[in-house]
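Read the structure below first, then the notes.
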Ligand code: APR
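Residue numbers (the working numbering): 1 to 254.
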């Protein structure tokens, strides 16, 4: 795999690198993405209607069962070379900010620290009524049949049903995480956007904020979207191939 020398120089010279990831970074771990027409979860469920507070109110066991199935898929998955390369990159640059749209914990399991989750985390459910998180992490579900109803546990404090700790359509993103992400995008010299379709805002704005602030931006995606022009690069590749190759090509000489 060959890289534009300007891109490698920008990565070598960067004091602050932002890595912004979407579902595509976990695809090679066997976790379906949302819009990939072959494996996308949307194909199996009408996720846009399931991933809402209204759907949960209407049928808590169906929505909770779907997320428990996703949690069981994540639990059986392993970090892939893309997650591992991002964790390794953090040790090669002065400062790295990792921002993800993903609700799995594969970045953490690959060794990344201080991961900013813009859309919440599967492992942190909270009470639908009083918003409290349970005292302990919930046991990993046996693999419920996809789409099987599972009664959500009751909150120990108020008895309300637990809900998944993810941001549903129509809900606001955690404001501290979003502000942190935008500040990092404004400040960085280089942003690597990996495995995202860039269609869900406000998260999709983050690479554009970095580019407008003068940073170099690299998009890693088998089918990358249009580029702005200067300082904007794309690698039409999977994350599992491109990221280890990029880190190796950039820092091999050191
Ligand atoms: N490596 C890199 N990119 C990949 C790979 C791979 N191996 N496989 C697929 N992709 C790309 C696809 O081409 C697609 O552009 O990953 C992208 C996944 O896009 P989406 O499924 O839309 O996922 P994402 O961009 O993270 O969605 C954003 O939308 O549904 C909501 O909350 C959900 O966080 C999610 C948000």
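In this text, a Cβ means the ideal position worked out from N, Cα and C, and glycines have one as well.
Residue closest to residue i, alpha-carbon to alpha-carbon, out of the options
i: residue 157; options: 168, 166, 130 and 176; result: 130
i: residue 137; options: 183, 71, 52 and 77; result: 71
i: residue 104; options: 171, 184, 204 and 26; result: 26
i: residue 237; options: 211, 246 and 231; result: 246
i: residue 155; options: 127, 149 and 179; result: 127
i: residue 62; options: 165, 148, 217 and 175; result: 148
i: residue 179; options: 97, 49 and 69; result: 97
i: residue 117; options: 100, 18 and 84; result: 100
i: residue 86; options: 223, 151, 194 and 209; result: 194
i: residue 182; options: 119, 108, 205 and 172; result: 205
i: residue 160; options: 139, 125, 8 and 185; result: 125
i: residue 227; options: 207, 83, 150 and 123; result: 207
i: residue 218; options: 20, 35 and 84; result: 20
i: residue 187; options: 69, 16 and 11; result: 16
i: residue 222; options: 106, 252, 51 and 28; result: 28
i: residue 232; options: 242, 244, 215 and 241; result: 215
i: residue 94; options: 50, 120 and 18; result: 18
i: residue 191; options: 4, 2, 1 and 10; result: 10
i: residue 120; options: 175, 3 and 2; result: 175
i: residue 142; options: 235, 200 and 67; result: 67
i: residue 170; options: 200, 150 and 185; result: 200
i: residue 202; options: 164, 173, 65 and 240; result: 173
i: residue 166; options: 122, 135 and 184; result: 122
i: residue 135; options: 107, 162 and 106; result: 162
i: residue 133; options: 150, 139 and 164; result: 164
DSSP beta-bridge partners of residue i
i: residue 100; result: 21 and 117
i: residue 162; result: 127
i: residue 215; result: According to DSSP, residue 215 bridges with nothing at all.
i: residue 192; result: 19 and 218
i: residue 12; result: According to DSSP, which records beta bridges pairwise, residue 12 is partnered with nothing at all.
i: residue 95; result: 16
i: residue 232; result: 217
i: residue 154; result: 161
Presumed contact (8 angstroms Cβ cut-off) between residue i and residue j, rounded CB distance
i: residue 189; j: residue 14; result: 4 angstroms
i: residue 211; j: residue 53; result: Not really, about 34 angstroms apart at Cβ, beyond 8 angstroms.
i: residue 57; j: residue 79; result: Not confirmed; about 35 angstroms, so no contact.
i: residue 77; j: residue 112; result: Not really, about 15 angstroms apart at Cβ, beyond 8 angstroms.
i: residue 48; j: residue 102; result: No, residue 48 and residue 102 are not in contact; Cβ-Cβ is about 18 angstroms, not under 8 angstroms.
i: residue 197; j: residue 92; result: At roughly 28 angstroms, the Cβ-Cβ gap does not stay under 8 angstroms, so residue 197 and residue 92 are not in contact.
i: residue 244; j: residue 81; result: 5 angstroms
i: residue 152; j: residue 32; result: 23 angstroms between Cβ atoms; not a contact.
i: residue 249; j: residue 84; result: The pair is not a contact, with the Cβ atoms about 16 angstroms apart (cut-off 8 angstroms).
Any non-hydrogen atom of ligand 2 within 7 angstroms of residue i CB
i: residue 210; result: You won't find ligand 2 in this model; what it holds is ligand 1.
Sequence ranges, alpha helix (DSSP H) only - wholly within the region 50-81, length at least 4: If we require 4 residues or more, the alpha helix (DSSP H) runs fully inside the region 50-81 come out as 53-58 and 60-76.
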